[in-house]
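**Student:** Here it is, the structure in full.
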Amino acid sequence: MSGYRELFDASIADPQSFWAEVAKAVTWTRAPQQILDDSNPPFYRWFPDGELNTCANALDRHVENGRADQTALIYDSPVTGTQRTYTYRELLDATAKFAGGLRGLGVAKGDRVVIYMPMIPEAVIAMLACARLGAVHSVVFGGFAAHELAARIDDARPTVVVSASCGIEPTRTVEYKPMLDAALQMAEHPPRVCVIAQRERHRCELIADRDLDWDYVASAAPVDPVPVAATDPLYVLYTSGTTGKPKGIVRDNGGHAVALMWSIRNIYDISPGDVFWTASDVGWVVGHSYIVYAPLLLGATTVLYEGKPIGTPDPGAFWRVASEHGVKALFTAPTALRAIRKEDPDGEHIGRYDLSRMKYLFQAGERLDPDTYQWASQKLGIPIVDHWWQTETGWAIAANPMGLDPMPIKPGSPTVPMPGYDVRILRVDGSSCEPNEEGAICIRLPLPPGTLPTLWGDDARYEASYLREYAGYYLTGDGGYLDEDGYLFVMGRIDDVINVAGHRLSTGSIEAVLATHPAVAECAVIGVNDDIKGQVPRGLVVLQSGAKAEGLADELVALVRENIGAVACLKAVDIVPALPKTRSGKILRKTMRGIAHGKDEPVPSTIEDPGVLETLKPILHTR
43 MSGYRELFDA SIADPQSFWA EVAKAVTWTR APQQILDDSN PPFYRWFPDG
93 ELNTCANALD RHVENGRADQ TALIYDSPVT GTQRTYTYRE LLDATAKFAG
143 GLRGLGVAKG DRVVIYMPMI PEAVIAMLAC ARLGAVHSVV FGGFAAHELA
193 ARIDDARPTV VVSASCGIEP TRTVEYKPML DAALQMAEHP PRVCVIAQRE
243 RHRCELIADR DLDWDYVASA APVDPVPVAA TDPLYVLYTS GTTGKPKGIV
293 RDNGGHAVAL MWSIRNIYDI SPGDVFWTAS DVGWVVGHSY IVYAPLLLGA
343 TTVLYEGKPI GTPDPGAFWR VASEHGVKAL FTAPTALRAI RKEDPDGEHI
393 GRYDLSRMKY LFQAGERLDP DTYQWASQKL GIPIVDHWWQ TETGWAIAAN
443 PMGLDPMPIK PGSPTVPMPG YDVRILRVDG SSCEPNEEGA ICIRLPLPPG
493 TLPTLWGDDA RYEASYLREY AGYYLTGDGG YLDEDGYLFV MGRIDDVINV
543 AGHRLSTGSI EAVLATHPAV AECAVIGVND DIKGQVPRGL VVLQSGAKAE
593 GLADELVALV RENIGAVACL KAVDIVPALP KTRSGKILRK TMRGIAHGKD
643 EPVPSTIEDP GVLETLKPIL HTR
């Protein structure tokens with residue numbers, strides 16, 4: 043660990059010198075002389091006197107430095123049966139023209155543009171075009187309900203909304219225009235103009251004096267990149283807030299570019315010219331960081347995939363894409379692996395494709411249970427690399443730096459904190475935990491470059507949400523521990539720690555045991571109220587394809603008793619057809635817990651399939 047440890051220690055001992063050196067990888071229009079402004083804690087700002095343009099770093103400099111004809115973007119859409127590629131020159135040309143069109147609509151430096159689109163190249167072009175103008179984009183996941191879109195429009199107050207006629211799922215077409223129209227009627231601050239990309243599958247009717255066709259706007263004269271301050275916002279990305287009002291995570295231009303350039307090389311082992319595929323959506327932070335910005339900032343080739351891990355057309359979809367396009371590293375969520383495994387437990391589809399060029403499979407978004415890790419590791423024969431981060435941080439808090447100093451993998455751990463992340467495990471009273479003692483995972487301030495400096499228009503909420511619980515620390519909201527080797531183990535949200543007759547238990551540790559049973563495809567454990575013990579765990583499991591349910595619940599209860607002990611008090615395990623998830627793959631444990639407690643839980647806007655939750659309600663209401 044010496045190489046990693048020396049670098050990490052340097053980043054903590056002298057963060058300004060460390061990040062000043064890393065920042066040299068970015069092309070600045072004015073190089074920063076001051077690295078960190080720490081005059082107004084807890085509002086720290088990186089590279090405050092630096093100036094750059096993120097789009098120029100992602101496109102122009104590669105065209106100017108010999109990568110003009112290299113493929114920048116591969117669009118692979120099994121739901122439409124189409125593929126398209128863009129060289130760096132072609133992507134720059136399309137971006138510069140669309141930026142010119144946006145400027146013609148009145149979009150200027152600092153203005154906001156809401157992007158509500160499916161996984162098509164136009165979404166990437168729109169994001170980069172905003173960056174080119176110094177405008178702030180806010181991507182809303184395509185297909186979000188109208189009232190959720192309206193809330194984000196009202197908070198961002200965009201000059202323009204960019205959307206599309208529809209999104210395409212394996213079994214249906216999702217019309218975006220009616221949802222957009224409804225959102226604009228609800229919004230108190232609707233934009234004057236909407237730009238609509240018409241798709242062949244479904245063309246929508248444009249509203250006169252408001253809606254413009256993408257092709258018309260994208261045919262404008264190209265414009266040059268606009269330099270902005272490193273501390274100026276690049277984008278605002280909304281997460282669900284506990285108050286019902288979405289939280290606008292702010293990402294600045296300078297720190298973002300610096301952090302992503304470091305991370306894609308050192309965590310993911312990607313070099314210029316390599317093919318990197320992040321199987322996510324541009325509506326999520328993973329899509330922002332590792333579909334769009336990091337690969338293009340580096341000069342790599344990125345894959346934009348419009349499809350699913352299964353059903354487009356089969357469980358071999360991911361392996362087909364990786365094989366066809368020569369993907370070096372694939373980054374996806376554990377829920378995708380579990381879906382593939384459920385449909386193809388023996389990995390037969392893996393053997394149909396040449397995956398010799400794929401060196402790594404990276405996992406994030408939800409805890410990678412050891413059983414899923416073992417399955418993927420055995421079937422693929424390559425490192426399965428877990429790492430952990432949040433929308434708020436924009437890049438990995440903890441990871442295995444495969445491009446710097448690969449470390450032994452410990453199943454269940456995202457490995458070690460990355461440079462700049464001074465991770466501490468704290469007790470309720472603020473004291474530090476011993477190795478292997480669970481507590482709240484916190485990060486000592488200042489956070490490194492690329493992380494959120496605040497929330498959009500709401501400094502007070504930023505402090506209240508993240509900084510108030512432990513003075514001088516950012517509270518991640520997750521619980522876990524550091525072992526004697528410095529490896530981090532993330533056991534789940536602090537809300538998911540239950541108190542059973544005075545014993546604090548992580549539901550994540552119980553899930554890890556349940557997941558080892560060969561009949562279990564995926565599982566969730568929630569804490570429910572109990573008159574005697576205060577709280578007890580409740581398990582819900584989805585079966586592997588072809589597995590038998592008879593007697594399984596008793597086997598699982600016995601398995602937890604054997605591995606954790608009678609103290610876990612797991613007595614109820616229900617076999618269910620599916621678990622409710624967000625579109626990014628996170629299981630809605632908090633929602634299920636509320637339903638089990640008899641609360642009238644609102645259906646989260648991020649839910650993938652509301653019908654799954656309806657199916658579970660009578661099960662959760664029992665006992």
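Quick note: the sequence shown uses the numbering used here, first residue 43, plus one each step.
Note that beta-carbon positions come from the ideal geometry of N, C-alpha and C, so glycine has one too.
From a predicted model like this one, the values you see are computed outputs, not experimental measurements.
1. Check whether the stretch 449–461 and the stretch 420–435 are in contact - that is, three or more C-beta pairs closer than 8 Å.
2. Leaving out five residues before and five after W326 in sequence, what residues of the same chain have Cβ atoms less than 6 Å from its Cβ?
3. Rounded to whole angstroms, how far is the Cβ of C97 from the Cβ of L191, which I believe are closer than 8 Å?
4. Rank T493, L487, A482 by C-alpha distance to the C-alpha of F531 and give the top, closest one.
5. Quick check on S180: does DSSP put it in helix, strand or coil?
6. Starting from E217, follow its DSSP beta bridges and name the residues at the other end.
7. Quick check: what's the CA-CA separation for V64 versus H367?
8. Applying the criterion that 16 or more other CB atoms from any shown protein chain within 10 Å of the CB defines a buried residue, is D316 buried or exposed?
9. S474 by DSSP, collapsed to three states: which one?
10. Between the stretch 641–649 and the stretch 174–191, are three or more C-beta pairs nearer than 8 Å?
11. Using a Cβ-Cβ cutoff of less than 6 Å, which residues in the same chain neighbour Q58 once the five nearest sequence positions on both sides are dropped?
12. State the CB to CB distance for the pair I540 and P579, rounded to an integer number of angstroms; the pair is presumed to be in contact (CB under 8 Å).
13. Identify, in the order they occur along the chain, each residue of the same chain with its Cβ nearer than 7 Å to the Cβ of V105, setting aside the five sequence neighbours on each side.
14. Would you kindly check if the distance between the Cβ of P622 and the Cβ of L658 is under 8 Å?
15. Can the beta-carbon of D501 be found less than 8 Å from the beta-carbon of R486?
16. Between the Cα of P163 and those of T374, D118, A440, spot the shortest distance and give me the residue it belongs to.
17. Could you tell me which uninterrupted alpha helix (DSSP H) segments, each at least 4 residues in length, are contained entirely in the stretch 532–613, listed from first to last along the chain?
18. Alpha helix (DSSP H) containing V654: first to last residue?
19. Rounded to whole angstroms, what's the CA-CA distance from M43 to K219? Just pull it up for me.
20. Determine the contact status of A138 and V265, defining contact as a CB-CB distance below 8 Å.
21. DSSP on W88, reduced to helix/strand/coil?
22. Can you tell me whether S53 is buried or exposed, with buried defined as 16 or more other CB within 10 angstroms of its CB?
23. Distance check for A193 and P288, CA to CA, integer angstroms please.
24. Under DSSP, the beta strand (DSSP E) around R635 begins and ends at which residues?
25. Which class does M43 belong to by DSSP, given the choice of helix, strand or coil?
26. Cutting at 8 Å between CB atoms, please list the residues of its own chain near D396, excluding the five before and the five after it.
27. Just curious, the alpha helix (DSSP H) that W256 is in, first and last residue?
28. My parser needs the beta strand (DSSP E) runs of 3 or more residues fully inside the stretch 351–402; what are they?
29. Secondary structure at T493, three-state DSSP: helix, strand or coil?
30. Which residues does DSSP list as the beta-bridge partners of K628?
31. Can you tell me which of the three DSSP states F50 falls into?
32. Pop quiz: G296 and L94 are said to be a contact at Cβ under 8 Å. What is the actual Cβ separation, rounded to whole angstroms?
33. Rounded to whole angstroms, what is the Cα-Cα separation between G588 and R631?
34. Pick out whichever of V470, R380, E643, A359 has its Cα sitting closest to the Cα of P560.
35. For Y512, name the three-state secondary structure that DSSP assigns.
36. So Q416 is in the alpha helix (DSSP H); what residue range does that whole segment cover?
**Tutor:** Walking through what the data contain:
1. yes
2. To locate residue 326, count along the sequence shown from 1; it is residue 284. For W326, where only same-chain residues beyond five positions count, the Cβ hits under 6 Å are S626.
3. Position 55 of the sequence shown, counted from the start, is the residue given in the question as residue 97. Position 149 of the sequence shown, counted from the start, is the residue given in the question as residue 191. About 25 Å separates the two Cβ atoms, so there is no contact after all.
4. To locate residue 531, count along the sequence shown from 1; it is residue 489. Of T493, L487, A482, the residue nearest in Cα terms is A482.
5. To locate residue 180, count along the sequence shown from 1; it is residue 138. Strand.
6. As a working note, residue 217 is residue 175 in the sequence shown. Paired residues: C208.
7. Reading the sequence shown from its first residue, position 22 is the one you call residue 64. Reading the sequence shown from its first residue, position 325 is the one you call residue 367. One alpha carbon belongs to V64, the other to H367, and they sit about 30 Å apart.
8. For the purposes of this step, residue 316 is identified with residue 274 of the sequence shown, where counting begins at 1. Buried.
9. As a working mapping, residue 474 is identified with position 432 in the sequence shown. Three-state result, S474: strand.
10. Because the criterion of three Cβ pairs below 8 Å is met, the stretch 641–649 and the stretch 174–191 touch.
11. Position 16 of the sequence shown holds residue 58. Excluding positions up to five away in sequence, the list reads I77, L78.
12. Taking the first residue of the sequence shown as 1, we reach residue 540 at position 498. Taking the first residue of the sequence shown as 1, we reach residue 579 at position 537. Correct: roughly 6 Å between the Cβ atoms.
13. Position 63 of the sequence shown, counting from 1, holds the residue named residue 105. Taken in chain order, the residues that qualify are Y130, R131, L134.
14. As a working mapping, residue 658 is identified with position 616 in the sequence shown. As a working mapping, residue 622 is identified with position 580 in the sequence shown. Yes, they are a contact pair.
15. Stepping through the sequence shown from its first residue, residue 501 is reached at position 459. Stepping through the sequence shown from its first residue, residue 486 is reached at position 444. No, they are not a contact pair.
16. Counting from one through the sequence shown, the residue named residue 163 turns up at place 121. The shortest C-alpha to C-alpha distance from P163 to any of T374, D118, A440 is the one to D118.
17. 549–556, 594–605
18. Your numbering for residue 654 matches position 612 in the sequence shown. Note, V654: alpha helix (DSSP H), 652–663.
19. Residue mapping note: residue 43 aligns to position 1 of the sequence shown, counting from 1. Residue mapping note: residue 219 aligns to position 177 of the sequence shown, counting from 1. Only weak support exists for where M43 lies, its pLDDT of 47 falling under 50; the value from the coordinates is given anyway. M43 and K219: Cα-Cα distance of roughly 53 Å.
20. If you number the sequence shown from 1, residue 138 lands on position 96. If you number the sequence shown from 1, residue 265 lands on position 223. Result yes, Cβ atoms of A138 and V265 sit closer than 8 Å.
21. Reading the sequence shown from its first residue, position 46 is the one you call residue 88. Per DSSP, reduced to three states, the secondary structure at W88 is strand.
22. Working through the sequence shown from its first residue, we reach residue 53 at position 11. Burial call: buried.
23. Counting from 1 along the sequence shown, the entry for residue 288 is found at position 246. Counting from 1 along the sequence shown, the entry for residue 193 is found at position 151. Answer to the nearest angstrom: the Cα atoms are 8 Å apart.
24. Numbered from 1 along the sequence shown, position 593 holds the residue referred to as residue 635. Segment 631–638 is the alpha helix (DSSP H) holding R635; no beta strand (DSSP E) there.
25. For the purposes of this step, residue 43 is taken as the residue at position 1 of the sequence shown. Confidence at M43 is low in this model, with a pLDDT of 47, below 50, so the placement of that residue should be treated as unreliable; the coordinate-derived value is given next. Note: M43 maps to coil in three-state DSSP.
26. As a position in the sequence shown, residue 396 is number 354, starting the count at 1. Only S365 meet the Cβ criterion.
27. On the sequence shown, residue 256 is found 214 positions in, with the first residue counted as 1. Where W256 is concerned, the enclosing alpha helix (DSSP H) stretches over 256–259.
28. 371–374
29. Residue 493 sits at position 451 when you count from the first residue of the sequence shown. Here T493 sits in coil by DSSP.
30. Numbered from 1 along the sequence shown, position 586 holds the residue referred to as residue 628. Partner(s): none; K628 has no beta bridge.
31. Stepping through the sequence shown from its first residue, residue 50 is reached at position 8. Helix.
32. Taking the first residue of the sequence shown as 1, we reach residue 296 at position 254. Taking the first residue of the sequence shown as 1, we reach residue 94 at position 52. About 6 Å separates the two Cβ atoms, so the contact holds.
33. For the purposes of this step, residue 588 is identified with residue 546 of the sequence shown, where counting begins at 1. For the purposes of this step, residue 631 is identified with residue 589 of the sequence shown, where counting begins at 1. Approximately 26 Å between the Cα atoms of the pair.
34. Here residue 560 refers to the residue found at position 518 of the sequence shown. Nearest option by C-alpha distance: R380.
35. The count along the sequence shown starts at 1 and reaches residue 512 at position 470. Reduced to three states, the DSSP call for Y512 is coil.
36. To locate residue 416, count along the sequence shown from 1; it is residue 374. Unbroken alpha helix (DSSP H) run through Q416: 412–422.
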